[in-house]
Structure formats: structure tokens, C-alpha cells
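Data block below; observations after.
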Amino acid sequence: MSRPIKKRTVQEPPKIQGMKPIGVPASFLENVILCIDEYEAIRLADYEGLDHQKAAEIMCISRSTFTRLIEKARGKLAESIVAVKELIIEGGSFSFISDLIRCLDCGEISRFDNPNFIPETCPNCKSANIVHLNQWFSVGREHRRGGRGFRGGHGGW
Ligand SMILES: [Zn+2]
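Residue numbering for the sequence shown follows our numbering, beginning at 72 and increasing consecutively.
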């Protein structure tokens, strides 16, 4: 029996649930799943430019665990671009330390560090038409596993 993976600290949820290749019919698309903790590793090291030691501390994991995590994450990003796959961001072992809401009327994204004080309207325009981004990632979403694959997209075929 494998021991349970300790939850990795993630600062805030991703702002999207995934990305689709441009110009490829949906029926050809396979997908690759980037876990939330893998996304966070990319964000900290490759987007924010932190060294692995610092990024590992922020995620409350060891440096060697972080290095394995980011190598896996980079491999998945590369697979989505080179092998032309839809990138789905979901799953993994993580806990968010803050909440994001997005207003569907004015587009504003607001961050809240206390889960007990999340407003029901947009702080910018007061619209009630808001999405709580954390909830996207708290339940598994239904998605297509299939797809016929993008021709020539996989080196092994
Ligand atoms: Zn708004």
C-alpha cells in the first residue's frame, strides 16, 4: 500500500480549467491532465522565476519532491503543445490558501485570503453574476477521455 500523498499548498486556484489547441476539430482531440499541484510548480518556478528550494518551501514539500513535480508538469505541457492535446487542469493533492472569484459581467478577478469572508457580489461592479474559481477544482469534472488523436501528433505511431 502506498502512503497517502501529503497535500501541497497552492496559493490560489488557476484562472482557467484548461486550454484547447486552435484549429483542431474536437473529435481529434485527446487530452492531457495537468494536476493543480503541477500547475502551481510551473507557476512558481517558471512564471514567478523562483528557485526550486524557495518554491518547495512555499508548497510545503521537499526540494526533491518539487523537482519531480515540475519535471512531470513540464512534460505534460510539452505533450499538450507538441502532440496537440487539450490541456485539462484538475485533480492532484492540494489545498488552496486563498479564494478567487471572477465577475462574469466586468471580468474582475478578486482574491480573498479568508474563506469566511467571500462576498456574493463583485467588489468592483456589485454584480451577483460571479464564479467561485476554487469550486471548479473541488469536484472532478466530466470530460471526454477519447478523441482520435491528431494525425502525426504522436511520435510513437
Ligand atoms: Zn464586476
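C-beta: ideal position from N, C-alpha, C; glycine also.
- Relative to the non-hydrogen atoms of ligand 1, the Cβ of ASP176 comes within a distance shorter than 6 Å of at least one.
- Of the residues assessed, PHE137 falls on the buried side of the cut-off, its CB having 16 or more other CB atoms within 10 angstroms.
- Listed in chain order, the alpha helix (DSSP H) runs fully inside the segment 97 to 174 are 107 to 113, 123 to 130 and 134 to 153, counting runs of at least 4 residues.
- A heavy atom of ligand 1 is found nearer than 6 Å to the CB of SER198.
- Rounded to the nearest whole angstrom, the C-alpha separation of LYS197 and GLU179 is 11 Å.
- Annotation: the continuous beta strand (DSSP E) that includes SER181 extends over 180 to 183.
- The alpha-carbon of ALA144 is positioned some 15 Å away from that of GLY120.
- DSSP places VAL81 inside the beta strand (DSSP E), whose first and last residues are 79 to 81.
- Residue pairing of GLY89 in beta bridges, as defined by DSSP: ILE159.
- When C-alpha distances from ARG139 are compared across ALA116, SER151, ILE189 and ILE160, the shortest belongs to ALA116.
- Here VAL202 is bridged, per DSSP, to ARG173.
- Taking 8 Å as the upper bound for CB-CB distance, PHE165 and LYS78 are in contact here, some 6 Å apart.
- GLY162 is a Cβ neighbour of CYS106, given a cutoff of 7 Å.
- Shown here, PHE208 sits in a helix according to DSSP, grouped into three states.
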